[in-house]
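There are 2 protein chains.
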Amino acid sequence: MDLRHISFRLLEVFMSVVKTGSISETARNLHLTQPTVSLQIKRLQEAVGEPLVLMHQQKLTVTEAGVELFKTCQQVFGKFDDYKDFLAELKGGERGRCKIAMVNTAQYILPKLLGPYSNRHPHVELPLEIGNRAEVLARFERGEDDIYVFSHPPSLEHAKAARFLHNPLEFIVPRDHPLTKEQNIKLEQLTPYRFLLREPGSATRMLFESELQSRGLVLSDSVQMRSNEAIRVAVSSGMGIAVLSRHVLPNEGGEFKVLSVVDTNLASHWYFVIRTDRHLSHAARSFLQFAEKHLELYLGAQWVRNELSQLSSIEI
Amino acid sequence: MDLRHISFRLLEVFMSVVKTGSISETARNLHLTQPTVSLQIKRLQEAVGEPLVLMHQQKLTVTEAGVELFKTCQQVFGKFDDYKDFLAELKGGERGRCKIAMVNTAQYILPKLLGPYSNRHPHVELPLEIGNRAEVLARFERGEDDIYVFSHPPSLEHAKAARFLHNPLEFIVPRDHPLTKEQNIKLEQLTPYRFLLREPGSATRMLFESELQSRGLVLSDSVQMRSNEAIRVAVSSGMGIAVLSRHVLPNEGGEFKVLSVVDTNLASHWYFVIRTDRHLSHAARSFLQFAEKHLELYLGAQWVRNELSQLSSIEI
DNA sequence: GTCAGGTATAGATTATAATCTATGAGTTAT
DNA sequence: ATAACTCATAGATTATAATCTATACCTGAC
Numbered sequence: 135m136d137l138r139h140i141s142f143r144l145l146e147v148f149m150s151v152v153k154t155g156s157i158s159e160t161a162r163n164l165h166l167t168q169p170t171v172s173l174q175i176k177r178l179q180e181a182v183g184e185p186l187v188l189m190h191q192q193k194l195t196v197t198e199a200g201v202e203l204f205k206t207c208q209q210v211f212g213k214f215d216d217y218k219d220f221l222a223e224l225k226g227g228e229r230g231r232c233k234i235a236m237v238n239t240a241q242y243i244l245p246k247l248l249g250p251y252s253n254r255h256p257h258v259e260l261p262l263e264i265g266n267r268a269e270v271l272a273r274f275e276r277g278e279d280d281i282y283v284f285s286h287p288p289s290l291e292h293a294k295a296a297r298f299l300h301n302p303l304e305f306i307v308p309r310d311h312p313l314t315k316e317q318n319i320k321l322e323q324l325t326p327y328r329f330l331l332r333e334p335g336s337a338t339r340m341l342f343e344s345e346l347q348s349r350g351l352v353l354s355d356s357v358q359m360r361s362n363e364a365i366r367v368a369v370s371s372g373m374g375i376a377v378l379s380r381h382v383l384p385n386e387g388g389e390f391k392v393l394s395v396v397d398t399n400l401a402s403h404w405y406f407v408i409r410t411d412r413h414l415s416h417a418a419r420s421f422l423q424f425a426e427k428h429l430e431l432y433l434g435a436q437w438v439r440n441e442l443s444q445l446s447s448i449e450i
Numbered sequence: 135m136d137l138r139h140i141s142f143r144l145l146e147v148f149m150s151v152v153k154t155g156s157i158s159e160t161a162r163n164l165h166l167t168q169p170t171v172s173l174q175i176k177r178l179q180e181a182v183g184e185p186l187v188l189m190h191q192q193k194l195t196v197t198e199a200g201v202e203l204f205k206t207c208q209q210v211f212g213k214f215d216d217y218k219d220f221l222a223e224l225k226g227g228e229r230g231r232c233k234i235a236m237v238n239t240a241q242y243i244l245p246k247l248l249g250p251y252s253n254r255h256p257h258v259e260l261p262l263e264i265g266n267r268a269e270v271l272a273r274f275e276r277g278e279d280d281i282y283v284f285s286h287p288p289s290l291e292h293a294k295a296a297r298f299l300h301n302p303l304e305f306i307v308p309r310d311h312p313l314t315k316e317q318n319i320k321l322e323q324l325t326p327y328r329f330l331l332r333e334p335g336s337a338t339r340m341l342f343e344s345e346l347q348s349r350g351l352v353l354s355d356s357v358q359m360r361s362n363e364a365i366r367v368a369v370s371s372g373m374g375i376a377v378l379s380r381h382v383l384p385n386e387g388g389e390f391k392v393l394s395v396v397d398t399n400l401a402s403h404w405y406f407v408i409r410t411d412r413h414l415s416h417a418a419r420s421f422l423q424f425a426e427k428h429l430e431l432y433l434g435a436q437w438v439r440n441e442l443s444q445l446s447s448i449e450i
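Chains A and B supply the protein sequences, listed in that same order.
If you read the first sequence in the numbering used here, its first letter stands for residue 135, the second for the next number, and so on.
If you read the second sequence in the numbering used here, its first letter stands for residue 135, the second for the next number, and so on.
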């Protein structure tokens with residue numbers, strides 16, 4: 135039997151013939167002429183190499199080979215129906231995958247969205263990649279993920295960024311630090327202390343350093359640390375002071391204090407970034423829609439800057 | 135997704151692309167040109183309505199929809215492979231159905247062949263129909279079975295008969311019948327007794343009556359009975375005498391005796407009959423081949439008249 | 001015997017599937 | 001920078017699938 139000469143149409147016609155037990159009736163049902171159906175069956179039989187139906191005295195009987203082919207067809211069409219169901223879910227964003235790459239700091243805020251989304255869309259896979267800015271940028275270049283999360287979005291070709299959250303930066307010091315007794319602290323008062331910083335390239339550090347530079351200030355001492363947790367712990371134990379995103383601080387004051395610096399308001403924003411030269415997966419689209427709708431609920435209205443409609447308009 | 139625009143060929147090509155991860159390599163493997171494969175994939179994607187593979191920087195990745203379609207294809211081709219296996223068995227006579235219709239008397243001999251055949255071909259269905267000559271003839275006319283068993287084959291159009299067994303007829307009388315004491319019994323000595331006969335049309339009766347007629351003899355009394363068992367029992371209990379096939383008699387003498395009639399040698403043959411205007415099912419062909427080969431073994435060499443090669447030459 | 005209903009066959013047409021060559025454009029490695 | 005390889009696209013051809021009309025052939029019913 136040669137599958138190459140068999141089309142799905144042919145099998146459909148055959149199944150109808152088996153069901154109705156009549157060539158003429160099949161022709162009427164499928165809006166074909168009787169010779170067409172006759173010929174289809176004949177061709178199918180040639181392709182199978184075996185009689186499938188026998189005509190005898192106006193009565194059509196289905197052979198063994200025909201019955202078995204009929205069963206096979208039912209199963210095959212069943213499989214394709216399953217696949218169609220799968221496609222429908224995929225297109226509806228109910229199934230599939232939405233790979234998200236985010237810079238380190240985002241891991242403190244994104245789960246607040248991802249958790250609820252994942253609950254409502256249990257069949258969507260949500261693999262997360264967390265890296266520093268350079269790593270996430272490299273992933274973007276290679277197009278490895280569906281959605282990228284940056285503060286300071288890259289202004290690259292094919293990149294479309296949309297702000298969704300305000301990211302205020304705070305100065306933190308050990309609880310017993312001398313500055314905690316001061317009022318009206320200014321930025322230059324902080325420079326003599328040792329600063330604990332993330333690696334160069336980190337958005338927070340970039341923002342902080344550009345602020346220092348524009349005001350002609352220089353840090354007297356700084357130590358580079360690999361993670362925000364490490365910085366928090368180090369500040370708590372008195373190793374130095376630091377600038378951290380409000381979102382990475384515990385709600386309740388811990389072993390450190392937040393300084394209010396009157397002449398400085400450091401802040402950036404969180405952005406979802408997508409590539410405009412690539413298909414956005416249905417799941418990714420569905421996640422962005424979910425985010426656009428529920429940002430305020432899950433991230434706190436006071437921080438939200440919802441500009442995600444800019445992304446939903448993109449049609450790739 | 136529209137199955138009508140999808141061919142098995144298309145799916146084969148798609149599967150190869152997924153397996154090799156390369157369009158060019160698929161083209162080489164399938165002896166096609168690269169643009170052909172590109173276009174096939176493009177068309178398949180259009181038919182499915184969803185991207186199946188993504189090209190990025192010389193690297194081909196398969197989408198969710200692609201992976202799922204691939205799985206679906208594997209299952210579908212698996213089903214067709216199963217069907218091909220089924221067909222192979224069918225064509226080899228290992229599977230299928232061989233309907234046999236036989237006249238009553240044949241039920242004493244055919245099981246000796248059917249049993250061994252069925253043991254060796256356990257997947258072949260062997261539905262049997264047993265009737266009197268008229269009934270089996272009617273089934274033949276309507277083509278309801280694959281093989282018909284007659285003594286006295288019908289000389290109809292489209293009927294091809296082949297002898298396979300000698301069918302000697304014997305006269306039986308009650309054990310204490312007066313004739314058992316005689317020697318050199320002649321046929322005319324039997325006519326005064328009451329004969330127990332099958333219905334007119336029975337081959338045995340036809341043969342016997344034509345013998346009587348050709349010799350100008352007439353039975354003085356006869357009773358019609360519905361089965362050979364009934365006749366045997368009736369003879370045993372002294373109701374009359376009868377003509378029966380040697381094959382329906384028990385090997386060991388029972389309540390009756392076989393008469394030796396010196397001037398009469400009644401005999402017919404058993405024939406397998408098939409229609410020449412119909413496909414002979416593979417199973418039927420296989421049964422006839424089996425019979426041709428093993429007649430002597432299962433039916434006793436002394437009775438066999440193996441002319442079955444006449445049937446195997448028929449190619450329908 | 002004729003008619004109606006079912007099927008088969010022949011011949012023709014149209015649509016489209018399957019394939020090619022030629023070419024352009026991007027990527028990788030030397 | 002260039003060669004070698006990848007894939008995509010355009011344009012053209014060929015094969016064949018899908019379909020029709022017209023016609024002939026059965027069979028069963030009236």
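Every residue, glycine too, gets a C-beta built ideally from N, C-alpha and C.
All values reported here derive from a predicted model rather than from experimental measurement.
Residue i and residue j look like a contact to me (Cβ under 8 Å); what is the Cβ gap, rounded to whole Å?
i: leucine 203/B; j: isoleucine 234/B; result: So it is not a contact: roughly 47 Å between Cβ atoms.
i: threonine 239/A; j: leucine 321/A; result: Incorrect: roughly 21 Å between the Cβ atoms, too far for contact.
i: histidine 403/B; j: serine 285/B; result: 6 Å
Using only alpha-carbon positions, find the residue among the options that is nearest to residue i.
i: glutamate 345/B; options: Gly372/B, Leu303/B, Phe284/B and Ser370/B; result: Leu303/B
i: leucine 313/A; options: Leu290/A, Lys391/A and Gln191/A; result: Lys391/A
i: isoleucine 175/A; options: Arg254/A, Glu322/A and Phe148/A; result: Phe148/A
i: arginine 409/A; options: Ser285/B, Gln358/B, His190/B and Ser354/B; result: His190/B
i: tyrosine 432/A; options: Ser443/A, Tyr327/A, Leu299/A and Ser336/A; result: Leu299/A
i: lysine 246/A; options: Glu441/A, Leu324/A and Glu430/A; result: Glu430/A
i: serine 447/B; options: Gln436/B, Gln423/B and His428/B; result: Gln423/B
i: arginine 254/B; options: Gly200/B, Gly226/B, Ala435/B and Ser361/B; result: Gly226/B
i: asparagine 351/A; options: Ser361/A, Ser336/A and Tyr327/A; result: This sequence places leucine at residue 351/A; asparagine is not what is there. The residue with the shortest Cα to Cα distance from leucine 351/A is Tyr327/A.
i: leucine 188/B; options: Arg276/B, Pro169/B and Val152/B; result: Val152/B
i: glutamine 323/A; options: Ile375/A, Ala296/A and Asp310/A; result: Ile375/A
I need the straight-line Cα distance from residue i to residue j, nearest angstrom please.
i: valine 382/B; j: serine 420/B; result: 27 Å
i: alanine 518/B; j: leucine 144/B; result: The structure shown does not extend to residue 518/B, since chain B spans only 135 to 450, so no value can be given for it.
i: valine 438/B; j: arginine 231/B; result: 26 Å
i: arginine 273/B; j: arginine 267/B; result: 10 Å
i: aspartate 279/B; j: methionine 236/B; result: 10 Å
i: isoleucine 450/B; j: leucine 137/B; result: Because isoleucine 450/B sits at a pLDDT of 49, beneath the cut-off of 50, its placement in the model cannot be relied upon, and the point is left open.
i: arginine 412/B; j: leucine 178/A; result: 19 Å
i: threonine 325/B; j: phenylalanine 305/B; result: 12 Å
i: alanine 222/B; j: threonine 206/B; result: 24 Å
i: serine 158/A; j: threonine 195/A; result: 14 Å
i: glycine 212/A; j: serine 379/A; result: 53 Å
i: valine 407/B; j: arginine 276/B; result: 14 Å
For residue i and chain A, any beta-carbon pair shorter than 7 Å?
i: proline 261/B; result: no
i: proline 185/B; result: yes
i: histidine 257/B; result: no
i: glycine 277/B; result: yes
i: glutamine 209/B; result: yes
i: isoleucine 450/B; result: The predicted model places isoleucine 450/B with a pLDDT of 49, which falls under 50 and marks its position as unreliable; any figure quoted below should be read in that light. Not one chain A Cβ lies under 7 Å of isoleucine 450/B.
i: phenylalanine 142/B; result: yes
i: arginine 138/B; result: yes
i: threonine 195/B; result: no
Please tell me whether residue i has its Cβ less than 7 Å away from any Cβ of chain B.
i: tyrosine 251/A; result: no
i: leucine 346/A; result: no
i: tyrosine 327/A; result: no
i: phenylalanine 220/A; result: yes
i: lysine 213/A; result: yes
The ligand ZN heavy atoms versus the CB of residue i: any closer than 6 Å?
i: arginine 254/B; result: Absence of the ligand ZN from the depicted structure is noted, as is the absence of any ligand whatsoever, leaving it without description.
Terminal residues of the continuous beta strand (DSSP E) containing residue i?
i: alanine 222/B; result: Alanine 222/B -> not in any beta strand (DSSP E); alpha helix (DSSP H) instead, spanning 198-225.
i: asparagine 399/B; result: Counting along the chain, asparagine 399/B falls outside any beta strand (DSSP E), and DSSP gives it neither H nor E.
Over the uninterrupted alpha helix (DSSP H) stretch that includes residue i, give me the two end residues.
i: asparagine 253/B; result: 245-254
i: leucine 188/B; result: Per DSSP, leucine 188/B belongs to no alpha helix (DSSP H); it is in the beta strand (DSSP E), 187-190.
i: serine 172/B; result: 168-182
i: glutamine 444/B; result: 443-446
i: glutamine 423/B; result: 416-433
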